[in-house]
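From first to last, the protein sequence lines stand for chains A and B.
For the first sequence, position 332 (counting from the first letter as 1) is numbered 332 according to this note's numbering, and the numbering increases by one without interruption.
This note's numbering runs 1000 ahead of the 1-based position in the second sequence.
So the structure is just underneath, and the comments pick up after that.
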Amino acid sequence: MPTTPFEVYVHVPFCLRRCGYCDFNTYTAADLGGGASRRNYADLAIREMRLVRAWQAARGIEEPRAASVFFGGGTPTILPARDLNRMLAAIRELWGLEPGAEVTSEANPDTVDAGYVRELADGGFTRLSFGMQSAVPHVLATLDRTHTPANVEAGVRAARAAGLDASVDLIYGAPGESLDDWRASVRAAIDLGTDHVSAYALTVEPTTAMGRRIAAGTLPRPDDDDEAAKYEIADGLLAAAGLRWYEVSNWARPGYESRHNLGYWRNVDWAGIGPGAHSHYRAVAGATDLFPDADVDGADDSEGFRPVARAGGAGEGGPRPEGVAPGPAADPAAAPRGLRAWDLAHPRRWAAALAAGRVPWADGEAIGPEADLEERVMLGIRLREGLETAGLPAPPDPAVVEGLVADGLVVRHGTRLVPTLRGRLLNDLVIERLLG
Amino acid sequence: MVAQHNRPGSTDQSLIRNFCIIAHIDHGKSTVADRILQLSGIVPEREMRDRFLDRMDIEQERGITIKSQAVRVPWTFDDQEYTLGMIDTPGHVDFTYEVSRALAACEGAVLLVDATQGIEAQTLSNLYMAIDHNLTIIPVLNKIDLPSAEPDKHAEEIAGLIGCEPGDVLRVSGKTGEGVADLLDTIVMDVPAPTGDPEAPARALIFDSVYDSYRGIVTYIRMVDGELRKREKIHMMGIGMTHDPIEIGVISPDMTPTDALGAGEVGYVITGAKDVSQSKVGDTVTSAANPASEPLPGYRDPKPMVYAGLFPIDNAQFPELRDALDKLKLNDAALEYVPETSVALGFGFRCGFLGLLHMEIVSERLSREFGLDLISTAPNVTYEVTSEDGSVHHVTNPSEFPDGKVKRIVEPMVAADIITPKEFIGAVMDLCQENRGIMGTMEYLSADRVEMHYHIPLAEIVFDFFDQLKSRTKGYASLDYHEDGEQEADLVKVDILIQGEKVDAFSAIVHRDKAYSYGVMMTKKLRELIPRQQFEIPIQAAIGSRIIARETIRALRKDVLAKCYGGDISRKRKLLEKQKAGKKRMKMLGHVEVPQEAFIAALSTGDDKSVDRDTKDKIRAAQKTEN
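Structure, rendered in structure tokens:
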């Protein structure tokens, strides 16, 4: 059996300001108390890496060298470039990096300049992903973004000058954005000459400032039909410019796809470092004992203030780096299972767990065969390479597949199912039908 | 507890007074009844509260009203102990038919009226019924302790209704107990003693019967002639069955077995029968060894006037629904039900009710006492439909409406009595007119309250008339109605089609003038309620093959999570699992998935959304196609 590829994600939970639509785990204060601050963040993250590495060793998990590293946020570039480089160096030391490994950082156009970018390039970064969102000032204002289209252009130019790949993120469907506004943004992204574009429908979370304004009726709710039209516009313009879709929300020139993100959809192993970061391992012996009372509904611990007083809960005495899991010893007869675990969301509690020498997981879940099937289907069918049905433990009902093909939602490529444009827009419906 | 001298089975009829209490819901009947029990001494004061709570618990636990249906209460007046039979109007006071059974077991009725509210239409109709039964009426105003009580005003109103002096109207407070002893004295003085023949063969009227999960069927009887002794075989004259009684007794205030029940007494019989058909309310019980030759007059079984389908939301609950209906039927002869299958709603029962109130009570009891989650279809009356070929159809369900040309449709009419404060006369007249009502007379009950009489199609009443009446009169008006002939009417059946498929649950028989608004409202409602799907879904309303309204649910264009990275996967999977579970509550109509909630919401008449401009325009447009 080929080794499962391995990658590392580092979350940086700091921003200069919070955007109205954002529900990510990020904080605008530089010092969050309890020993968690921007200043020592790199040290804390490195401490977590060491604990995770030790835990892997204790669990007998032998990961290959990391194929990719991704710094996301928050705003990773709010930290000094040398901090990002130090964290990358630690990853290299602990796991090693594959030759040619992809190393990306998300970048806020406001926070990077040519010197900063050069420093990252020197530290081993290969790629920057800019949060451009829109090229239209009133849309940027609605999204609470402070950068200007000129900032983005400067950032992308600096990245290319330093030999880095550059990607831009766009958001469509903001209240007040017209179809022409959106066309303008897509064209502007193309004109930057980047090799990779991500375009996301604005997802309104009820807990955000924007969500509250929409609930109160002071902002119009994004409209699915409008977003569908904008998706089709983006797909058309980007394809014409030579950027082809490779995942529902991602387009790239061939060879410039984000290998790190592809890893998520291909269900590889990754270590998530930082508050709220998720980790995934395909096969962990005794995974079911790790989080015996994993609270399925509480999985979204985004606020981070959920009491973790449970016996065996990570906050108080969770999985230990030495691999000495609390409670009963792992049943050696039990088949290894997939594992998803996520870090404590609040940096202060996360830092406290680190200080106590624990892997700072808030909770996690063992992935049984049924959940594994669901995940493989829901991730694979997002991709241009499609869902490989041959290896699935339970192949989809041929009649269902026939129906999806007849409805123009998927096409068959051998044993792979690939979503059509319509199948991308109705991807969840396709998943529901496949999982019957 | 006081010792009772008058023993069951050997109490002279001259010492017996049987009475019931007629009151509107919330007018304080239970409180007054509890106070009577307490004053009589059969429930010691210190136990009163505990007992009261106990009873509530048991009611909830057993899921059936075991409230004292007929309590034997001792009351001493002028140094003589009398035996009062206090017969509760079972279950729901504002329910005509059930009240009528209690009336037949009494010689007197306490008319209990809330001194802050005045008499209500249903109470009035029960009062008339009591007068028809030749019962002695004892008028009483309750809640005189409340600051908002207006006893003088309402005493005058009552005096005008029953032809007594305002000063004859007793005043009590169930809460403080004031006046309750006087009330009991008055009952002894005014209510006539029973006048059956104690020497004749036994005859007893079954006026109620309930199912008790521990003891089987408990049958409540009022002895008229002769006596019944324990262990004496009894014979039910109507259904022709003979039983060995396990126990006979009286309730005072608990079930107390006795050796005998004599003429004029009220008590119970337990035969061990578990089958609900073996104890029929209105039947006559006699002695098997020495039977009476003629049964008592009994009651006329009322016939249902309103029909609706009741379907368990979870079709697996169908057998439980059947059992529950069987049990309710036991003391509700008017309830009818036959199994029915609906394409949209699955297996259920077509149920016949006396009226809307009855339907609401039955639905509420099914859900509260039996824990059933039900959908009920729109209520329907019985139409007599004559096809062009001369065949006649009795249509209680829109699905029975004959296809093809119809020669004539006859609908049931009712006489509706509405009592309202005079400032709402105009509002009531408007409402009745909108519902094809024809006004009869109007009388002033007092200076500021009137009783209005209307001749109105029952079909209009059963829709949302009552809710409308309440909302347009700020809750002050009350309504009572009874059968009053029939009339020919221009009615049509409106079908609702989802993607070309008729959905039986939504068909309705309505007046032609209302067909368009029904069609437009229903199609609009469904457009809101049915989620968008992969394809466009037309929703149409039709009379026969003619489409009168159409809405379209546009095809779903986008249904995808924009971001699905490492941290989103667990959440996304859980969302999928939740959706999958939700799918199980979807009904497939052809290819269209309709959430169960859509059926419930579409069938509920409660949400009286104000009619928006679009709806009005569409109704107008639909009506134009007619011409």
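For each residue, glycine too, the CB sits at the ideal point set by N, CA and C.
Helix, strand or coil for residue i? Go by DSSP, reduced to three states.
i	result
GLU942 of chain B	Here chain B has residues from 1001 to 1627 only, and residue 942 of chain B is not among them.
PHE70 of chain A	strand
THR1615 of chain B	helix
THR1441 of chain B	strand
TRP95 of chain A	coil
ASN1018 of chain B	strand
PHE1207 of chain B	strand
GLY298 of chain A	Note that GLY298 of chain A scores a pLDDT of 39, beneath 50, so its modelled location is shaky; the value from the coordinates is reported in the next line. The answer is helix: DSSP assigns GLY298 of chain A an H, G or I state.
ALA1292 of chain B	coil
HIS1394 of chain B	strand
MET1638 of chain B	Lying outside 1001 to 1627, the shown extent of chain B, residue 1638 of chain B is not represented and no answer is given.
GLU365 of chain A	strand
GLN1499 of chain B	coil
GLU385 of chain A	coil
SER1039 of chain B	Strictly speaking, residue 1039 of chain B in this sequence is Leu, with Ser absent from that position. Looking at LEU1039 of chain B - three-state DSSP - the assignment turns out to be helix.
LYS1470 of chain B	helix
ALA90 of chain A	helix
CYS1351 of chain B	strand
LYS1327 of chain B	helix
PHE1401 of chain B	coil
Count the other CB atoms, across all protein chains shown, that sit within 10 Å of the CB of residue i; report buried if there are 16 or more and exposed otherwise.
i	result
VAL1338 of chain B	exposed
ASN1290 of chain B	exposed
ALA366 of chain A	buried
HIS1482 of chain B	exposed
ILE1025 of chain B	exposed
LEU1310 of chain B	buried
LEU1469 of chain B	buried
TYR1444 of chain B	exposed
MET1086 of chain B	buried
LYS1407 of chain B	exposed
ILE1539 of chain B	buried
Indicate, with yes or no, if the ligand NAD has a heavy atom lying under 8 Å from the CB of residue i.
i	result
GLY276 of chain A	As for the ligand NAD, it is missing from this structure, which has no ligand bound.
Does any residue of chain D have a CB that is nearer than 9 Å to the CB of residue i?
i	result
GLN1579 of chain B	The structure shown has no chain D; the protein chains it does contain are A and B.
Can you give me the C-alpha to C-alpha distance between residue i and residue j, rounded to a whole angstrom?
i	j	result
ALA1505 of chain B	VAL1343 of chain B	8 Å
ARG160 of chain A	THR194 of chain A	9 Å
PHE1463 of chain B	MET1305 of chain B	13 Å
ILE190 of chain A	ALA154 of chain A	15 Å
HIS1394 of chain B	GLU1400 of chain B	8 Å
ALA184 of chain A	TYR172 of chain A	11 Å
ALA1650 of chain B	GLY1352 of chain B	No answer is possible for residue 1650 of chain B: the residues shown for chain B start at 1001 and end at 1627.
GLY516 of chain A	LEU344 of chain A	Because chain A is modelled from 1 through 436, residue 516 of chain A falls outside the range shown and cannot be assessed.
ASP269 of chain A	GLY20 of chain A	32 Å
GLU232 of chain A	GLU1577 of chain B	29 Å
GLN1499 of chain B	PRO1531 of chain B	14 Å
TYR116 of chain A	ALA81 of chain A	6 Å
ILE1419 of chain B	LEU1037 of chain B	33 Å
ASP1185 of chain B	ALA1515 of chain B	59 Å
ASN250 of chain A	LEU243 of chain A	9 Å
Pop quiz: residue i and residue j are said to be a contact at Cβ under 8 Å. What is the actual Cβ separation, rounded to whole angstroms?
i	j	result
VAL1414 of chain B	ILE1456 of chain B	6 Å
ALA1581 of chain B	LEU1529 of chain B	Rounded, the Cβ-Cβ distance is 20 Å, inconsistent with contact.
PHE1019 of chain B	LEU1084 of chain B	7 Å
ALA114 of chain A	ALA158 of chain A	4 Å
GLY1264 of chain B	PRO1194 of chain B	3 Å
SER1173 of chain B	ASN1142 of chain B	7 Å
Ignore the nearest five residues each way along the sequence and tell me which others in residue i's own chain have a CB closer than 7 Å to its CB.
i	result
LEU960 of chain B	The structure shown does not extend to residue 960 of chain B, since chain B is modelled only from 1001 through 1627, so no value can be given for it.
ILE214 of chain A	VAL204, ARG221
MET87 of chain A	VAL10, ALA42, ALA45, ILE46
Might you give, ordered along the chain, the residues of its own chain that have their beta carbon closer than 6 Å to the beta carbon of residue i, omitting 5 neighbours on each side?
i	result
PRO13 of chain A	ASN25, THR26, TYR27, GLY74, PRO275, PRO347
LYS1525 of chain B	ALA1602
ASN85 of chain A	GLY123
Apart from the five residues on each side of it in sequence, which residues of its chain come closer than 8 Å, Cβ to Cβ, to residue i?
i	result
GLN1317 of chain B	LEU1372, ASP1373
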